[in-house]
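Keeping their order, the protein sequence lines are chains A and B.
Numbering-wise (our numbering), the first sequence opens with residue 3 and increments by one.
Numbering-wise (our numbering), the second sequence opens with residue 3 and increments by one.
Glycine included, every Cβ here is placed at the ideal spot set by N, Cα and C.
Here the structure is a predicted model, which is why all the values come from computation and not from measurement.
For reference, the structure discussed in these notes is given below.
Number of protein chains: 2
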Amino acid sequence: MIEPGGRIGILGGGQLGRMLAIAAAELGFTCHIYCPEENAPATDVAATSTCAAYEDADALARFADSVDVVTYEFENVPAETARILAEHAPVRPGVVALATAQDRIVEKNFLASHDIPTAPFADIPDEATLVEAVARIGTPSILKTRRFGYDGKGQARIDTPADAIAAYEAIGRAPAILEGFVHFEREISVIVARGRNGATAAYDPVENIHKHHILDQSLAPARISEALADKARAIASHIVTDLDYVGVMGVEMFVLGTDEGGPRLLVNEIAPRVHNSGHWTQDACAISQFEQHIRAICGWPLGSATRHSDAVMTNLIGEDAHDWARLAGQSDTALHLYGKAEARKGRKMGHFTRLYPLGHAPKTLR
Amino acid sequence: MIEPGGRIGILGGGQLGRMLAIAAAELGFTCHIYCPEENAPATDVAATSTCAAYEDADALARFADSVDVVTYEFENVPAETARILAEHAPVRPGVVALATAQDRIVEKNFLASHDIPTAPFADIPDEATLVEAVARIGTPSILKTRRFGYDGKGQARIDTPADAIAAYEAIGRAPAILEGFVHFEREISVIVARGRNGATAAYDPVENIHKHHILDQSLAPARISEALADKARAIASHIVTDLDYVGVMGVEMFVLGTDEGGPRLLVNEIAPRVHNSGHWTQDACAISQFEQHIRAICGWPLGSATRHSDAVMTNLIGEDAHDWARLAGQSDTALHLYGKAEARKGRKMGHFTRLYPLGHAPKTLR
């Protein structure tokens, strides 16, 4: 166990790093932020930060030498970066988790080999394979780059077999995955943590509403049966256990309705880090996803994932943030702003959470 | 209104400054900490800090010039320090609040002149006055220094008139106040906030248990009638309004039982800052006392002071902090550690809060 007073290295200076650093401080740790951007949000809440490239081997080594454990706020940490860091300090969650989550094919193969249901998929190394896979999986289907996709970037929809080549061009002819289109009833996610002792703790599944491929709102709990919620938590715990994972993971799932042979769940994606759809835990749980992650990577026992309130979390994207004064005037709104100066389009600027007594979350979202 | 991205100056680097800085970050502000100690707890969570004496006029001026508003985490800010700061930036809560709370006689006179009930008291400038006052107020009574007392320091009990001179010696023959001893049923406090627009918001009164004159536990809500709780909130709101106060204040009160002509309330002390007995609001309210203070001093509307859960907050004093690992293993315990290296006797090292559904707080404390 890393004792209070220990120092945590956080790779990445965005809002997730910022909220991790705050949670770490609440447990008596100090943080050292490493990121290439000047004045990154996380650096505002840490006494120490290093501004250097992720390829700067010397700076990485010095950073890792200065801390007791390294974690990260984004899954696209270059493999070489992780390798250098791991020579100097424990990196948690580890390189296996990164390698798995960075590549959609590796991720889906991992899930399939552990009997976790997903949409049908195919590895697309080239054009010929794509044409054949579209014929097999059918349309509509989605072509996604294997690596570096997020918030709908690096994706193209294939509505008829004739669209296949155009879609491949649209994603830059990069190594890809073809996924069968899923007619889902709703999208949910489970924030799950696993400690160094192997214990897991899964928060209640939340329901996620996207706008322009970016998370807009999360409703806690999701409007699904208790049995399906149990199943979702079990799947998430299964994944972190099979990966021998340490830390918090976000597991995105589709809920298929009776028309699609459901109710049943398909896993869409895993994120080896704290997750936007878990921000509600800051306000609706005694132990947030951020604290849970810090506990896990420091070898502490996990806290309870119980919620004391129902909640709706809403993201503030780009110019939404200019609405801060109105939101500040709503006395029951817990507002969280990330300290970003410029409200660029599509940029996550903050979020707000409204709490409701257990069982009294609104039945509909905006 | 100070907009997100603005900078808040915090005088004092202890745990209250630390928790204020964290709350400020959550609203998108940055903080600049000013304190004379190296490696003070608050400096861990702020990107900027100045380590200089409270008497260093140049450093104070530079500090105040660098921020949009100055606040403080302790009431014993020297008057000259406050005056220098106020020439360079707004200081909130202001110099009147400081002057009132720094001197027990000024404070009690203020309360008395605004019809707020207190224990009987007398100004003790010298020995002769003390002897006369003891005869008038009776024994037991408590002799306290007018200034710089906290956690029971600077106090001596007078059980019989013959003790008076020894008590005066014990407090160093400093200018003092004599207060009649109050046979109270319980001690409560109200955390109240007042915004720049004059609106007030009072949290539910909590019941405080002291050990060795230091706060040990706060139970939210206090075990008093709803009518008395309303009265306590009204008194607290009355005080901040009459002081034209901006920010959060802790108001300590005694509850007198039927034997003492009650149930009724006497105000014991006011603290012109966030208060240890309000730490439970971090975990049991959507808007904590720390965020409320930041909102107030930045000219924002106040948030709701409603609690979503009942709570028991317990301080970790000195070696109590060595118990962190056991507490970390209690999954329902929200642990807060202040990042202090050395667990000196009587030093506030952290606290923990346990939440209960509304109406289900334990009936007895430890």
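Contact set for residue i: own chain, Cβ-Cβ below 7 Å, skip 5 residues either direction
i        : result
B/Arg94  : Val71, Thr73, Val248, Gly249, Ile299
A/Phe183 : Pro142, Ser143, Ile144
A/Asn270 : Glu254, Met255, Phe256
B/Asn210 : Glu189, Ile190, Ser191, Leu217, Ser220, Ser279
B/Gly19  : Ile12, Ile35, Ala44, Glu75
A/Ser311 : Ala286, Leu357, Tyr358, Pro359, Leu360
B/Ile139 : Pro122, Ala124, Leu180, Gly182
A/Gly16  : Ala42, Pro43, Ala44, Glu75
B/Gly302 : First, the residue type needs correcting, since residue 302 of chain B is Trp and not Gly in the sequence shown. So the qualifying residues of the chain are Met3.
B/Ala135 : Ala124, Ile126, Leu180
A/Ile86  : Ala59, Leu62, Ala63
For residue i: DSSP bridge partner residues
i        : result
A/Ile193 : A/Gly252
B/Asn270 : BP columns for B/Asn270 are empty, so no partner.
B/Asn317 : B/His353
A/Val53  : The amino acid at residue 53 of chain A is misidentified as Val; the sequence shows Cys. Answer is A/Cys37, bridged to A/Cys53.
B/Ala203 : B/Ala195
A/Ser220 : A/Asn210, A/Met315
B/Arg188 : B/Val257
A/Thr32  : A/Arg9
A/Val276 : Bridge partners of A/Val276: none, in fact.
Residue interval of the alpha helix (DSSP H) (run including residue i)
i        : result
B/Thr102 : 97 to 104
A/Gln284 : 283 to 286
B/His116 : Taken as a continuous stretch (DSSP letters only), B/His116 belongs to no alpha helix (DSSP H), as it is neither H nor E.
A/Asp60  : 59 to 67
A/Leu13  : No alpha helix (DSSP H) holds A/Leu13; the beta strand (DSSP E) holding it covers 9 to 13.
B/Ala176 : Note, B/Ala176: premise wrong, no alpha helix (DSSP H); not H, not E.
A/Gln294 : 291 to 299
A/Leu304 : A/Leu304 -> no alpha helix (DSSP H), and no H or E assigned at all.
A/Ile4   : No alpha helix (DSSP H) holds A/Ile4; DSSP gives it neither H nor E.
A/Arg20  : 17 to 28
B/Ala327 : 326 to 330
Simplified DSSP state of residue i, which is helix, strand or coil
i        : result
B/Arg159 : strand
B/Leu245 : coil
B/Glu209 : strand
B/Val133 : helix
A/His338 : strand
B/Glu228 : helix
B/Ala166 : helix
B/Ser239 : helix
B/Val71  : strand
B/Val108 : helix
B/Val47  : helix
A/Thr2   : Absent from the structure is residue 2 of chain A, since the part of chain A shown begins at 3 and ends at 368.
Element boundaries [beta strand (DSSP E), containing residue i]
i        : result
A/Asp1   : No statement about residue 1 of chain A is possible, as the shown extent of chain A runs from 3 to 368 and does not include it.
A/Glu77  : Premise fails: A/Glu77 is in no beta strand (DSSP E) and is neither H nor E.
B/Leu145 : 143 to 147
Close-in-space but distant-in-sequence residues of the same chain around residue i (CB under 8 Å, 5 per side omitted)
i        : result
A/Phe354 : Met315, Thr316, Leu318, Leu329, Thr335, Ala336, Leu337, His338
B/Thr83  : Leu13, Tyr56, Glu57, Leu62
B/Pro80  : Tyr56, Glu57
Cβ neighbours of residue i in the same chain (closer than 6 Å, five flanking residues each side left out)
i        : result
B/Ala203 : Ala195, Leu304, Ala307
B/Thr120 : Lys110, Leu113, Leu268, Val269
B/Cys33  : Ile10, Ile12, Ala23, Ala26, Ala48
A/His295 : Gly249, Val250, Val276
B/Met21  : Phe292
B/Asp244 : His116
B/Arg198 : Val248, Gly301
beta-carbon residue i near the ligand ATP non-hydrogen atom, thresh 7 Å
i        : result
B/Ser191 : Within the structure as shown, the ligand ATP is missing, as the structure has no ligands at all.
Segment contact, 8 Å Cβ cut-off, at least three pairs: the segment 183 to 196 of chain A with the segment 262 to 282 of chain A: yes
The segment 219 to 234 of chain A / the segment 102 to 109 of chain A touching (three or more Cβ pairs under 8 Å): no
The segment 54 to 68 of chain B in contact with the segment 85 to 99 of chain B per 3-pair CB rule at 8 Å: yes
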